[in-house]
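Below is one structure, written out as structure tokens, with a few remarks after it.
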Amino acid sequence: MLMTSALLFIAMREIWGWSLLAAGGAAAFFLTVDGAFFLANLSKIAEGGYVPLILAIAVYGVMWIWHHGAAAVSARMHEALIPVSDFMAKIAAKNVPRVPGTAVFLTRTERDTPPVMVWHVKHNRALHEHLFVLRGEIL
Numbered sequence: 000m001l002m003t004s005a006l007l008f009i010a011m012r013e014i015w016g017w018s019l020l021a022a023g024g025a026a027a028f029f030l031t032v033d034g035a036f037f038l039a040n041l042s043k044i045a046e047g048g049y050v051p052l053i054l055a056i057a058v059y060g061v062m063w064i065w066h067h068g069a070a071a072v073s074a075r076m077h078e079a080l081i082p083v084s085d086f087m088a089k090i091a092a093k094n095v096p097r098v099p100g101t102a103v104f105l106t107r108t109e110r111d112t113p114p115v116m117v118w119h120v121k122h123n124r125a126l127h128e129h130l131f132v133l134r135g136e137i138l
């Protein structure tokens, strides 16, 4: 609740354009009430209130690791991207056989060759005649 009051102050100042005095007064009122609740519940930590705190720290830790891992994978993927013209030139230069049919490749890249297509050519040593690249964007 203390964090919500602090975020309310930021919203009042930056989004709603309130003056420092008006935003500070409203936030001070909520911070006083929330601070009283916080202080009243501090004594419950020794009587078992530490369990939800430990669980919250564990969940936060998992989310933090997930976020940093996903960012590292994304950065590594963007380092290895190949422009489509360069990829198709390599396909032609290496005489990679084109097999009949259509292949669908899902990607997050906007303009470069999908990493899964590069992997597909590397391991199967062939590429379909027709290629359909589908970009999915999660909003």
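Per numbering that gives the first Met the number 0, residue 0 is the first one in the sequence shown, and the count goes up by one each step. Note that CB positions come from ideal geometry on N, CA and C, so glycine has one too.
Q. A89 to P113, Cα distance in whole Å?
A. Taking the sequence shown and counting its residues from 1, one reaches residue 89 at position 90. Taking the sequence shown and counting its residues from 1, one reaches residue 113 at position 114. Note on identity: in this sequence residue 89 is Lys, with Ala being the wrong assignment. Cα to Cα, K89 sits roughly 15 Å from P113.
Q: Quick one: residues in its chain with C-beta nearer than 8 Å to the C-beta of M11, no 5 flanking neighbours on either side, listed in chain order?
A: Your numbering for residue 11 matches position 12 in the sequence shown. The residues are W17, A21, A22, A25, A26.
Q) Can you tell me the Cα-Cα spacing of M76 and V117, whole angstroms? A) Numbered from 1 along the sequence shown, position 77 holds the residue referred to as residue 76. Numbered from 1 along the sequence shown, position 118 holds the residue referred to as residue 117. M76 and V117: Cα-Cα distance of roughly 12 Å.
(Q) Given a cut-off of 9 Å on the beta-carbon distance, is the pair L126 and V98 in contact? (A) Within the sequence shown, numbered from 1, the residue matching residue 126 stands at position 127. Within the sequence shown, numbered from 1, the residue matching residue 98 stands at position 99. Contact flag set, yes.
Q: With distances taken Cα to Cα, identify the nearest neighbour of F37 among M0, F28, S73.
A: Start at 1 with the first residue of the sequence shown, and residue 37 comes out as number 38. Out of M0, F28, S73, M0 has the C-alpha closest to the C-alpha of F37.
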